[in-house]
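Residue numbers (the numbering used here): 308 to 532.
All residues carry an ideal CB built from backbone N, CA and C; glycine is no exception.
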(Lines of atoms letter the chains of each structure in order from A and count residues from 1; the text may use other names and numbers.)
(Lines give C-alpha, C1' and ligand atoms only; values in the text may rest on other atoms or scores of the structure.)
Protein backbone atom coordinates (compact mmCIF):
# COMPACT_ATOMS: atom_id res chain seq x y z
CA UNK A 1 0.00 0.00 0.00
CA UNK A 2 1.36 3.41 -0.99
CA UNK A 3 1.10 6.14 1.65
CA UNK A 4 2.64 9.45 2.67
CA UNK A 5 4.46 10.06 5.93
CA UNK A 6 5.02 13.54 7.34
CA UNK A 7 7.90 13.90 9.79
CA UNK A 8 8.84 17.24 11.31
CA UNK A 9 10.55 18.98 14.16
CA UNK A 10 10.28 22.40 15.76
CA UNK A 11 13.32 24.56 15.06
CA UNK A 12 15.23 25.80 18.13
CA UNK A 13 12.56 24.63 20.55
CA UNK A 14 15.20 24.22 23.27
CA UNK A 15 15.69 28.00 23.23
CA UNK A 16 12.08 28.66 24.24
CA UNK A 17 11.47 29.76 27.80
CA UNK A 18 9.43 27.27 29.89
CA UNK A 19 6.46 29.65 29.79
CA UNK A 20 6.59 30.18 26.03
CA UNK A 21 7.16 26.47 25.39
CA UNK A 22 4.04 25.59 27.36
CA UNK A 23 1.93 28.16 25.49
CA UNK A 24 3.31 27.06 22.14
CA UNK A 25 2.83 23.33 22.58
CA UNK A 26 -0.64 23.65 24.11
CA UNK A 27 -1.64 25.59 20.99
CA UNK A 28 0.11 23.16 18.66
CA UNK A 29 -1.50 20.10 20.26
CA UNK A 30 -4.94 21.71 19.95
CA UNK A 31 -4.26 22.45 16.28
CA UNK A 32 -3.08 18.88 15.68
CA UNK A 33 -6.39 17.64 17.12
CA UNK A 34 -8.29 19.76 14.59
CA UNK A 35 -6.26 18.31 11.72
CA UNK A 36 -6.69 14.76 13.02
CA UNK A 37 -10.47 15.10 13.00
CA UNK A 38 -10.67 16.87 9.65
CA UNK A 39 -8.27 14.58 7.73
CA UNK A 40 -8.81 11.37 9.72
CA UNK A 41 -5.13 11.05 10.62
CA UNK A 42 -3.10 10.69 13.80
CA UNK A 43 -0.25 13.09 14.57
CA UNK A 44 2.20 11.80 17.17
CA UNK A 45 4.92 13.67 19.04
CA UNK A 46 8.31 12.11 19.82
CA UNK A 47 11.67 13.27 21.18
CA UNK A 48 9.89 16.21 22.76
CA UNK A 49 9.79 18.52 19.74
CA UNK A 50 9.32 16.19 16.75
CA UNK A 51 6.13 14.87 15.18
CA UNK A 52 5.03 12.27 12.66
CA UNK A 53 1.83 11.64 10.74
CA UNK A 54 0.87 8.76 8.45
CA UNK A 55 -1.45 9.87 5.64
CA UNK A 56 -3.35 7.16 3.78
CA UNK A 57 -4.79 9.63 1.26
CA UNK A 58 -1.60 10.93 -0.35
CA UNK A 59 -3.43 13.89 -1.87
CA UNK A 60 -3.80 15.35 1.63
CA UNK A 61 -0.11 15.10 2.56
CA UNK A 62 1.17 18.44 1.25
CA UNK A 63 -2.00 20.21 2.41
CA UNK A 64 -1.53 18.94 5.97
CA UNK A 65 2.18 19.79 5.93
CA UNK A 66 1.54 23.35 4.76
CA UNK A 67 -1.22 23.86 7.30
CA UNK A 68 1.13 22.79 10.08
CA UNK A 69 3.98 24.91 8.77
CA UNK A 70 1.95 28.10 8.34
CA UNK A 71 0.34 27.63 11.75
CA UNK A 72 3.75 27.35 13.41
CA UNK A 73 5.19 30.28 11.45
CA UNK A 74 2.26 32.48 12.42
CA UNK A 75 2.82 31.73 16.10
CA UNK A 76 5.12 33.94 18.18
CA UNK A 77 6.17 33.99 21.81
CA UNK A 78 4.45 36.23 24.34
CA UNK A 79 7.54 38.35 24.91
CA UNK A 80 8.29 38.70 21.20
CA UNK A 81 4.78 39.70 20.24
CA UNK A 82 3.77 43.17 19.13
CA UNK A 83 0.12 44.26 19.43
CA UNK A 84 -0.86 40.96 21.01
CA UNK A 85 -4.08 39.27 20.11
CA UNK A 86 -4.89 36.43 22.47
CA UNK A 87 -7.23 33.67 21.39
CA UNK A 88 -7.39 30.13 22.79
CA UNK A 89 -3.93 30.50 24.36
CA UNK A 90 -2.43 31.27 20.95
CA UNK A 91 -0.41 34.46 20.69
CA UNK A 92 -0.54 36.17 17.31
CA UNK A 93 1.26 39.35 16.40
CA UNK A 94 2.21 41.82 13.74
CA UNK A 95 5.89 41.30 14.52
CA UNK A 96 8.35 39.48 12.29
CA UNK A 97 9.77 37.02 14.83
CA UNK A 98 8.22 33.57 14.66
CA UNK A 99 8.78 29.89 15.23
CA UNK A 100 9.54 27.50 12.40
CA UNK A 101 9.52 23.79 11.63
CA UNK A 102 11.38 21.42 9.35
CA UNK A 103 8.92 19.16 7.56
CA UNK A 104 9.77 16.16 5.41
CA UNK A 105 7.15 14.32 3.35
CA UNK A 106 8.00 10.77 2.27
CA UNK A 107 5.83 8.97 -0.28
CA UNK A 108 6.23 5.24 -0.81
CA UNK A 109 5.17 1.76 0.17
CA UNK A 110 4.21 0.74 3.68
CA UNK A 111 5.70 -2.62 4.73
CA UNK A 112 3.69 -2.94 7.91
CA UNK A 113 1.64 -0.72 10.15
CA UNK A 114 1.50 -0.85 13.94
CA UNK A 115 -0.77 0.94 16.39
CA UNK A 116 1.65 3.85 16.16
CA UNK A 117 3.23 5.40 13.08
CA UNK A 118 6.43 5.62 15.11
CA UNK A 119 6.74 1.82 15.16
CA UNK A 120 5.53 1.19 11.60
CA UNK A 121 7.91 0.71 8.68
CA UNK A 122 8.21 1.05 4.93
CA UNK A 123 9.78 3.16 2.21
CA UNK A 124 7.62 6.17 3.05
CA UNK A 125 8.79 6.15 6.68
CA UNK A 126 12.45 5.75 5.74
CA UNK A 127 12.35 8.49 3.10
CA UNK A 128 10.62 10.93 5.43
CA UNK A 129 12.91 10.30 8.41
CA UNK A 130 16.15 10.23 6.43
CA UNK A 131 15.42 13.46 4.58
CA UNK A 132 14.47 15.24 7.81
CA UNK A 133 17.87 14.37 9.28
CA UNK A 134 19.63 15.66 6.15
CA UNK A 135 17.66 18.91 6.04
CA UNK A 136 19.58 20.40 8.97
CA UNK A 137 22.81 20.59 6.96
CA UNK A 138 20.99 21.86 3.85
CA UNK A 139 19.26 24.68 5.74
CA UNK A 140 16.04 23.56 4.09
CA UNK A 141 12.73 23.51 5.94
CA UNK A 142 10.41 21.63 3.55
CA UNK A 143 11.13 18.67 1.31
CA UNK A 144 9.17 16.01 -0.56
CA UNK A 145 10.76 12.63 -1.37
CA UNK A 146 9.11 9.78 -3.27
CA UNK A 147 9.88 6.31 -4.58
CA UNK A 148 8.12 7.01 -7.88
CA UNK A 149 8.59 8.93 -11.13
CA UNK A 150 7.64 12.23 -9.50
CA UNK A 151 10.64 12.30 -7.16
CA UNK A 152 12.87 14.76 -9.05
CA UNK A 153 9.94 17.01 -9.98
CA UNK A 154 8.66 17.23 -6.40
CA UNK A 155 12.15 17.72 -4.98
CA UNK A 156 12.58 20.79 -7.19
CA UNK A 157 9.11 22.13 -6.42
CA UNK A 158 9.62 21.68 -2.69
CA UNK A 159 12.79 23.78 -2.85
CA UNK A 160 10.86 26.64 -4.46
CA UNK A 161 7.95 26.23 -2.06
CA UNK A 162 10.37 26.25 0.86
CA UNK A 163 11.82 29.60 -0.23
CA UNK A 164 8.35 31.12 -0.55
CA UNK A 165 7.17 29.88 2.83
CA UNK A 166 10.28 30.97 4.70
CA UNK A 167 10.17 34.48 3.29
CA UNK A 168 6.62 35.02 4.50
CA UNK A 169 5.95 37.20 7.53
CA UNK A 170 3.80 36.32 10.52
CA UNK A 171 0.81 38.13 9.00
CA UNK A 172 1.22 36.48 5.60
CA UNK A 173 1.62 33.02 7.15
CA UNK A 174 -1.51 33.62 9.20
CA UNK A 175 -3.78 34.50 6.27
CA UNK A 176 -2.30 31.71 4.13
CA UNK A 177 -3.02 29.25 6.92
CA UNK A 178 -6.63 30.37 6.98
CA UNK A 179 -6.91 30.12 3.18
CA UNK A 180 -5.55 26.59 3.40
CA UNK A 181 -8.28 25.85 5.95
CA UNK A 182 -10.87 26.91 3.37
CA UNK A 183 -11.84 30.36 4.63
CA UNK A 184 -12.66 33.07 2.08
CA UNK A 185 -11.12 36.54 2.27
CA UNK A 186 -14.23 38.11 3.80
CA UNK A 187 -14.22 35.56 6.63
CA UNK A 188 -10.49 36.00 7.24
CA UNK A 189 -10.92 39.77 7.44
CA UNK A 190 -13.58 39.32 10.11
CA UNK A 191 -11.45 36.85 12.07
CA UNK A 192 -8.46 39.21 12.09
CA UNK A 193 -10.49 42.41 12.41
CA UNK A 194 -8.92 43.93 9.31
CA UNK A 195 -10.25 45.09 5.93
CA UNK A 196 -10.67 42.58 3.12
CA UNK A 197 -8.21 44.46 0.84
CA UNK A 198 -5.58 43.99 3.58
CA UNK A 199 -6.19 40.24 3.49
CA UNK A 200 -5.84 40.22 -0.29
CA UNK A 201 -2.63 42.25 -0.05
CA UNK A 202 -1.11 39.80 2.43
CA UNK A 203 -2.09 36.84 0.28
CA UNK A 204 -0.50 38.41 -2.79
CA UNK A 205 2.65 39.40 -0.89
CA UNK A 206 2.85 35.87 0.51
CA UNK A 207 2.64 34.36 -3.01
CA UNK A 208 -0.59 32.52 -2.26
CA UNK A 209 -1.25 31.93 -5.97
CA UNK A 210 2.06 30.05 -6.34
CA UNK A 211 1.43 28.02 -3.18
CA UNK A 212 -2.09 27.14 -4.29
CA UNK A 213 -0.88 26.20 -7.78
CA UNK A 214 1.76 23.83 -6.40
CA UNK A 215 -0.75 22.33 -3.99
CA UNK A 216 -3.28 21.67 -6.77
CA UNK A 217 -0.53 20.15 -8.94
CA UNK A 218 0.52 17.81 -6.12
CA UNK A 219 -3.08 16.67 -5.62
CA UNK A 220 -3.43 16.07 -9.36
CA UNK A 221 -0.31 13.88 -9.43
CA UNK A 222 -1.77 11.59 -6.79
CA UNK A 223 -5.42 11.82 -7.80
CA UNK A 224 -5.45 8.07 -8.46
CA UNK A 225 -3.93 7.19 -5.11
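Between which two residues does the alpha helix (DSSP H) carrying residue i extend?
{"i": "residue 495", "result": "492-499"}
{"i": "residue 340", "result": "325-346"}
{"i": "residue 469", "result": "458-474"}
{"i": "residue 351", "result": "That residue, residue 351, is in no alpha helix (DSSP H); its beta strand (DSSP E) goes 350-353."}
{"i": "residue 320", "result": "Counting along the chain, residue 320 falls outside any alpha helix (DSSP H), and DSSP gives it neither H nor E."}
{"i": "residue 383", "result": "Premise fails: residue 383 is in no alpha helix (DSSP H) and is neither H nor E."}
How many Å lie between residue i and residue j at the Cα?
{"i": "residue 520", "j": "residue 315", "result": "23 Å"}
{"i": "residue 454", "j": "residue 461", "result": "11 Å"}
{"i": "residue 416", "j": "residue 372", "result": "19 Å"}
{"i": "residue 484", "j": "residue 428", "result": "31 Å"}
{"i": "residue 477", "j": "residue 469", "result": "15 Å"}
{"i": "residue 472", "j": "residue 480", "result": "8 Å"}
{"i": "residue 377", "j": "residue 440", "result": "21 Å"}
{"i": "residue 518", "j": "residue 326", "result": "33 Å"}
{"i": "residue 449", "j": "residue 463", "result": "11 Å"}
{"i": "residue 348", "j": "residue 431", "result": "16 Å"}
{"i": "residue 459", "j": "residue 498", "result": "39 Å"}
{"i": "residue 322", "j": "residue 443", "result": "17 Å"}
{"i": "residue 398", "j": "residue 317", "result": "Because the pLDDT at residue 398 is just 39, under 50, the model does not fix this residue reliably, and the point stays unresolved."}
{"i": "residue 354", "j": "residue 522", "result": "29 Å"}
Please determine, among the options, the residue with the shortest C-alpha to C-alpha distance to residue i.
{"i": "residue 362", "options": "345, 353, 378 and 354", "result": "345"}
{"i": "residue 310", "options": "433, 485, 410 and 487", "result": "433"}
{"i": "residue 338", "options": "364, 381, 472 and 323", "result": "381"}
{"i": "residue 312", "options": "329, 383, 418 and 340", "result": "418"}
{"i": "residue 457", "options": "341, 526 and 448", "result": "526"}
{"i": "residue 336", "options": "490, 359, 322 and 321", "result": "359"}
{"i": "residue 367", "options": "408, 329 and 488", "result": "488"}
{"i": "residue 383", "options": "348, 407, 459 and 465", "result": "407"}
{"i": "residue 474", "options": "328, 447 and 330", "result": "447"}
{"i": "residue 341", "options": "513, 503 and 374", "result": "374"}
{"i": "residue 547", "options": "324, 347, 317 and 514", "result": "The first residue shown for the chain is 308 and the last is 532, placing residue 547 beyond what the model contains."}
{"i": "residue 370", "options": "410, 493, 501 and 323", "result": "410"}
{"i": "residue 328", "options": "435, 512, 445 and 379", "result": "379"}
Below 8 Å CB to CB, which residues in the same chain sit around residue i once its five sequence neighbours on both sides are set aside?
{"i": "residue 365", "result": "309, 310, 311, 414, 529 and 532"}
{"i": "residue 491", "result": "none"}
{"i": "residue 508", "result": "none"}
Would you give the residue range spanned by the beta strand (DSSP E) that residue i belongs to?
{"i": "residue 520", "result": "Element bounds for residue 520: not the beta strand (DSSP E) but the alpha helix (DSSP H), 515-528."}
{"i": "residue 454", "result": "Element bounds for residue 454: n/a, residue is neither H nor E."}
{"i": "residue 312", "result": "309-317"}
{"i": "residue 358", "result": "357-362"}
Once the 5 residues before and after residue i are set aside, which same chain residues still bring their CB inside 6 Å of it?
{"i": "residue 495", "result": "482, 485 and 506"}
{"i": "residue 320", "result": "356"}
{"i": "residue 451", "result": "412, 461 and 465"}
{"i": "residue 437", "result": "none"}
{"i": "residue 510", "result": "482"}
Can you give me the Cβ contacts of residue i inside the same chain, cut-off strictly under 7 Å, excluding the 5 residues immediately before and after it?
{"i": "residue 503", "result": "492, 493 and 496"}
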